Structure formats: C-alpha cells, structure tokens
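Start counting the sequence shown at 1; every next residue gets the next number (UniProt numbering).
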Amino acid sequence: MLVFDETISGIDDTEARFRGYVIENYADMDAERTRPAVLILPGGGYRRTSAREAEPIARRMLGYGYQAFILDYSCAPSTYPVALLETAEAMRRIREHAAEWHIDPNAIVVCGFSAGGHAAALFAERWNGEETRAHGYDPESIRPNGLLLGYPVITSGPYAHRGSVEHLLGPRGKDDPALLDLFSLEKHVTRDVPPTFVWTTVTDETVPVQNTLLFVNALVAAGVNVEVHVFPEGRHGSALGTNETDNADRWIGDLTCVQPWPDLADAWIRGRFPAATAWK
1 MLVFDETISG IDDTEARFRG YVIENYADMD AERTRPAVLI LPGGGYRRTS AREAEPIARR
61 MLGYGYQAFI LDYSCAPSTY PVALLETAEA MRRIREHAAE WHIDPNAIVV CGFSAGGHAA
121 ALFAERWNGE ETRAHGYDPE SIRPNGLLLG YPVITSGPYA HRGSVEHLLG PRGKDDPALL
181 DLFSLEKHVT RDVPPTFVWT TVTDETVPVQ NTLLFVNALV AAGVNVEVHV FPEGRHGSAL
241 GTNETDNADR WIGDLTCVQP WPDLADAWIR GRFPAATAWK
C-alpha cells in the first residue's frame, strides 16, 4: 500500500493536510485493476477536523476496496472560500494521479460528515462555479462523481448549526441575510450535483434531521439521484457507530442502529460505478 501525507496551501497562507491510502496493484493478481476513490472531509463545526471522521472512515473504505483520501481542510479563523479551494486542489490531485493510483477517474466520491458534509455538499454545488474558475481550476478536472454525506450541516435557516455557519463566514455572516442565504445549500441545488447518498438520525440534537430532509427534497426537485437513510436513534458525530469511533468518555453511547450505513454506502457505490464491481 502507498501511504502519503502532503500539504495543500490555502489562499490565506494556511495549510491543509492531505493524506492518501492507495491499494497497489500486483502482477500476480490484476496489474490493470482500477478502483473508485473516496475523498473524506471530517466534521468539526468548521473549527477543527474530527479524528473520528477521518482515518477510521478511510480504513473502512479501504476494506471495501476503495482508494481513500482525507482532507483536513483549513478551519476558523480561515473562512470561505479557503476550504472549498483546498477541496478543489485535493480533487485535482486525485484525478491527475488516477492512473498512478489505480483509480477510475470517473468514480471519485467526495464524502463529508457534519460541517465536513456542508463542505462536501458545497463543493458538489460549486465545483464549476466562479470561485474555482477564478483560481485556475478546470471544472472537469475537479468534478465529483458522487456525494456521500453523514449527518450533514446544510441550512443557514431555522434548523442551522449556527457555530458552523459563523466559523465558515466569520464576521461577514452576522448581519447579511443575502450572504447567509448563499450558504443554505438546499436553496442552490442544480443538476450539476452528482448522485448523492446521505444518512442521519432522528435524534441528532446538534444538526437536526431537517438539514438532511431539506437537502433531499431539493435534490429530488432538481432531478438528482439520491439515496437517503434516516436512522431512529443516534447522537451527532456518531461516525461508524462503533466503540472505535466513540471517544474516551463514551459520550455517544450505543449506536448499533447506525452501524449498517457503511455497508449501505458500499452497495450504493457498487451500484453506480462499474469499477467497483468488476473485481468484487
């Protein structure tokens, strides 16, 4: 396996951490094998990036046979569009090295949790927008082929996670309704958003389930293919729903009902991308 740890320089002189876990090919198995890739954006309220939504998720994706990458994007005091552009650069590198890293360039999924879900969904809406073009990105070089979200922050409206919005926008967002509206993602879905898999829980008190429901309704209205799973129980930040991704205080508790989501996401990826099924 190839493992690397690189930096991506932000436009505000910060640095994002970009990690890769690449399953290598071998002549005595299949020297020409290609695989889907998953770029993981951890949550953390745009204040930090959470370890429970980073390497454990990458290891699970590797277990399914996917190439896995983690982007610890710049958080507060960095504000929009720093994380968006760092995501664009991570996507560019993945597609640029697709042959070297045995990736199907048409099977790259951006995956995010909580505020990382907002970052992933925001990128899925704006990969071909003014910000990325202005910084020299060819839209086709950074196009996501799928979007995978776990308990995502979506709206800046009544069900918003205010901390995420404030950290993303900084002082600009406090008294500017028009700016806040731009980051209420359910209002800006188009057919350019890739097929989407999203899951959450009814009992999430930090990022209410309405965030997911608003986004799913917008995806359906725009004609975007979507699969959604709403589990009856589970606190925010549940990640894999296992002891491994709980913290030392066991504050998440029993999350067995959310544990099927990775297998469901695996089935979704295999149903969308031939590269995921050719060698299963």
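A virtual CB, placed ideally from N, CA and C, is assigned to each residue, including glycine.
Model, not experiment: these values are computed from the prediction.
Whole-angstrom distance between residue 68 and residue 62, CA atom to CA atom
Here the question's residue 62 lines up with position 62 in the sequence shown. Here the question's residue 68 lines up with position 68 in the sequence shown. Their Cα atoms are separated by approximately 6 Å.
Cβ-based neighbour list, residue 156, same chain, cut-off 6 Å, excluding 5 preceding and 5 following
Taking the first residue of the sequence shown as 1, we reach residue 156 at position 156. Within the same chain, residue 156 has close Cβ partners 165, 180, 183, 184.
Pairwise C-alpha distance: residue 194 and residue 124
Along the sequence shown, read from residue 1 onward, the residue named residue 124 stands at position 124. Along the sequence shown, read from residue 1 onward, the residue named residue 194 stands at position 194. In a straight line, the C-alpha of residue 124 is about 7 Å away from that of residue 194.
Contacts around residue 107, its chain only, beta-carbon distance under 6 Å, and the 5 residues preceding and following it disregarded
As a working mapping, residue 107 is identified with position 107 in the sequence shown. Here the set comprises 36, 145, 273, 275.
Less than 9 Å between the C-beta atoms of residue 103 and residue 92, yes or no?
Taking the first residue of the sequence shown as 1, we reach residue 103 at position 103. Taking the first residue of the sequence shown as 1, we reach residue 92 at position 92. If you check the CB distance, residue 103 and residue 92 do not come in under 9 Å.
Flag residue 175 as yes if its beta-carbon sits less than 9 Å from any beta-carbon of chain C, otherwise no.
Within the model displayed, chain C is absent; a lone protein chain is all it includes.
Does the separation of the CB atoms of residue 154 and residue 225 fall below 9 Å?
Position 154 of the sequence shown, counted from the start, is the residue given in the question as residue 154. Position 225 of the sequence shown, counted from the start, is the residue given in the question as residue 225. Cβ distance not < 9 Å, so residue 154 and residue 225 don't count as in contact.
Segment contact, 8 Å Cβ cut-off, at least three pairs: the stretch 195–211 with the stretch 128–142
A contact between stretches requires three or more CB pairs, one per stretch, nearer than 8 Å, and the stretch 195–211 fails this requirement with the stretch 128–142.
Which two residues bound the contiguous beta strand (DSSP E) that contains residue 197?
Position 197 of the sequence shown holds residue 197. Start and end: 196–201.
Secondary structure at residue 189, three-state DSSP: helix, strand or coil?
Start at 1 with the first residue of the sequence shown, and residue 189 comes out as number 189. In this structure, residue 189 counts as coil in the three-state DSSP scheme.
Between which residues of its own chain and residue 256 is the CB-CB distance below 8 Å, once the five residues before and five after are set aside?
The sequence position of residue 256 within the sequence shown is 256, counting from 1. Result list for residue 256: 241, in chain order.
Exposed or buried, residue 89, counting other C-beta atoms within 10 Å across all chains shown (16 or more means buried)?
Residue 89 sits at position 89 when you count from the first residue of the sequence shown. That one is buried.
The alpha helix (DSSP H) spanning residue 35 covers which residue range?
Reading the sequence shown from its first residue, position 35 is the one you call residue 35. Taken as a continuous stretch (DSSP letters only), residue 35 belongs to no alpha helix (DSSP H), being part of the beta strand (DSSP E) at 35–41.
Is residue 5 helix, strand or coil by DSSP?
In the sequence shown, the residue the question calls residue 5 occupies position 5. It is a strand residue.
Specify the secondary structure class of residue 123 as computed by DSSP and reduced to three states.
Your numbering for residue 123 matches position 123 in the sequence shown. In the three-state reduction of the DSSP assignment, residue 123 falls in the helix class.
Delimiting residues of the beta strand (DSSP E) encompassing residue 25
Numbered from 1 along the sequence shown, position 25 holds the residue referred to as residue 25. For residue 25, there is no enclosing beta strand (DSSP E), since its DSSP letter is neither H nor E.
Just mark residue 50 as buried or exposed, buried being the case when its beta carbon has 16 or more other beta carbons within 10 Å.
To locate residue 50, count along the sequence shown from 1; it is residue 50. Buried, since its Cβ has 16 or more Cβ neighbours within 10 Å.
Using the C-alpha atoms, what's the distance from residue 231 back to residue 267?
Looking up residue 267 in the sequence shown gives position 267. Looking up residue 231 in the sequence shown gives position 231. In this structure, the CA atom of residue 267 is about 17 Å from the CA atom of residue 231.
Just the Cα atoms here: how many angstroms apart are residue 13 and residue 82?
Counting from 1 along the sequence shown, the entry for residue 13 is found at position 13. Counting from 1 along the sequence shown, the entry for residue 82 is found at position 82. A direct Cα-to-Cα measurement between residue 13 and residue 82 gives close to 10 Å.
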